[in-house]
Each structure stands twice: as structure tokens, then as C-alpha cells.
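Input: a single structure, listed below in C-alpha cells.
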Amino acid sequence: TNEEDWTRSDAYHNSFLHEPDAVLDWIVKNSKEKGLPDIAVSAAQGKLLNLLARSINAKRVLEVGTLGGYSTVWLARALPPDGKIITLEINAHHAAVATENLAHADVADKVELILGPALDSLLHLSSEPVPFDFVFIDADKQGNLDYFKQAKRLVRTGGVIIVDNVVRYGRVADPEYSDANVEGVRTLLAGLKGDDEVDATTTGTVGDKGYDGFLYAIRK
Ligand code: SAM
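Heads up: the sequence shown runs through residues 20 to 239, numbered per UniProt numbering.
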């Protein structure tokens, strides 16, 4: 099955399960016009993040890697009126476009965007007085293990940590293949082996962003 078929597959499923969404369509268009790369989560993945956050009644969410705020909007929409999401982004242009997009989606009051290298920002965050319920890690893949360790420090017992792009068309498991992104995922997996502070699994995702996967972990 080729890429076009998977795009068709997502479109088919979404046509039954997703409502038309002019706000998200505008954000996708605006992000493209402002030159952002096409590397946001898909609509189906965004909605899955939203549903997962709602499943645990998440109130405090942390996101590593904002880009144009597409996934941020899906997550912000999962929150109660007094909920909050902190999102971390290193690139000032991405952050500026995200700020526009978040305002357009009317979720700006729920979102705090922190500009800078994610690890620096994470080191300044605290689990006090209230820890995070849900963390979505989707920035530079070389940082995955560092971000995951910080996420474990910041999230409550029973909280969820999700890492995107951990399958990469199966290249992560291909011994013949190497690049910085794949190595970042391998380092994460090696770091998680035997980690008794979380329970985790990888679930493949396929659709209009190709073949990839989420790592889903629960903090013990
Ligand atoms: N989560 C977004 C979505 O689905 O809409 C997509 C995020 S995109 C895949 C990754 C983002 O991480 C980019 O905007 C990139 O600039 C940012 N990034 C890369 N390295 C970073 C770092 N060290 N600290 C913070 N953000 C970083």
C-alpha cells in the first residue's frame, strides 16, 4: 500500500469520525503559508491525543515541540476551563506562527508557550504545587531520552507520557539504517529497558503522515 492509499484511508475514517473544522483547516493553511514544515501530527493523531487527555481528565499538560501549535490546539481543547498547557519551542518563527494560530483557535488563554531549548525550559519546570497529568514529546528526536526523564519527574503517578515518531517507517528496527532521529529513538528505548518507573508500549500509527508510531507510557 502506498502513501496515497494511507492518505485516503485517513480521509475515509475521518469522514465518519471527525467533524469539519474550519479553525484547524485555517491553522494548517496559515502554517504552510508562513513556511512551516509539514511535520505536525495528523488530524487522526491530534484527535487521539485529545481523546487520551480527556480519558484521564487531564488538567495540566506539557508539550515538547510546538511548531505551529496544531497538536497544541487539539490538546488545549481537551482541557477544562481552568486547565493549562505549557508548550516548549526553540524556533522563534515557529513560536510566532503558533501564537497566531492559538489565538485564532481561541485557546490562547489556556496555553503558555516558552521559547528556548526544551531541556533548559524543562529544568525550570516543577511538579509542585501541582504535577502534570499528560506530556506529549515531539521535538528533536536526539533529545527524546532527556525529555522523557524530565517528563517522568514532572508527571503525577498515573500520568501519561507520549512520544511521537518512534517507528519511522520501521527504520528504528532496521540494523542497516542510522540517522540522528533514529538514533534518538533507539537511545530512548535503551533508556526505557528495565525502567520500573513507567509501563510503556509502542503503537504503530499509519495515515496521511506515513508509517510511524507513538510510544505510550504511564508513570507508576
Ligand atoms: N507537536 C507539533 C504538532 O504536532 O503540531 C509538531 C512539532 S515539530 C515535529 C518539532 C518542533 O520541535 C519544531 O517546531 C522544532 O523547531 C522544535 N524543536 C526542535 N528542537 C528543539 C529543542 N531543542 N527545544 C525545543 N523545541 C525544539
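Just so you know, even glycine gets a beta-carbon here, dropped at the ideal spot from N, CA and C.
**Request:** Out of L70, A72, V92, point me to the one whose CA is closest to A41's CA.
**Result:** The option with the nearest alpha carbon to A41 is V92.
**Request:** Assign V185 to one of three DSSP states: helix, strand, or coil.
**Result:** DSSP places V185 outside both helix and strand once states are collapsed to three, so it counts as coil.
**Prompt:** Hey, quick one: how far does the alpha helix (DSSP H) through P44 stretch, first residue to last?
**Reply:** The sequence shown places Asp at residue 44, not Pro. Counting along the chain, the alpha helix (DSSP H) containing D44 begins and ends at 41–52.
**Asked** Taking the DSSP output, what are the residues bridged to F151?
**Response** Within the DSSP bridge table, the entry for F151 names V174 as partners.
**Asked** Is there contact between the stretch 103–112 and the stretch 125–142, where contact requires at least three CB pairs shorter than 8 angstroms?
**Response** They touch, by the three-pair rule.
**Asked** Which runs of the beta strand (DSSP E), 3 residues or longer, sit entirely within the stretch 52–117?
**Response** Whole beta strand (DSSP E) segments, 3+ residues: 79–83, 103–108.
**Request:** Since I believe Y230 is in contact with Y188 (beta carbons under 8 angstroms), could you give me their beta-carbon distance rounded to a whole number of angstroms?
**Result:** The C-beta separation of Y188 from Y230 comes to about 5 angstroms, placing the pair in contact by the 8 angstroms criterion.
**Request:** State buried or exposed for S90, treating a residue as buried only when at least 16 other CB atoms are found within 10 Å of its CB.
**Result:** By the Cβ-count criterion, S90 is buried, with 16 or more other Cβ atoms from all chains shown falling within 10 Å of its own Cβ.
**Prompt:** Hey, out of T20, D165, V204, V154, whose CA is closest to L71's CA?
**Reply:** Nearest option by C-alpha distance: V154.
**Prompt:** To which residues does DSSP link E131 through a beta bridge?
**Reply:** Residue pairing by DSSP places E131 opposite I105 in a beta bridge.
**Item:** CB contact flag (Y166, V83, <9 angstroms)
**Value:** Against a cut-off of 9 angstroms, the Cβ pair of V83 and Y166 comes out as a contact.
**Request:** With a threshold of 16 other CB atoms inside 10 Å of the CB of F35, please say whether the residue is buried or exposed.
**Result:** So F35 ends up on the exposed side.
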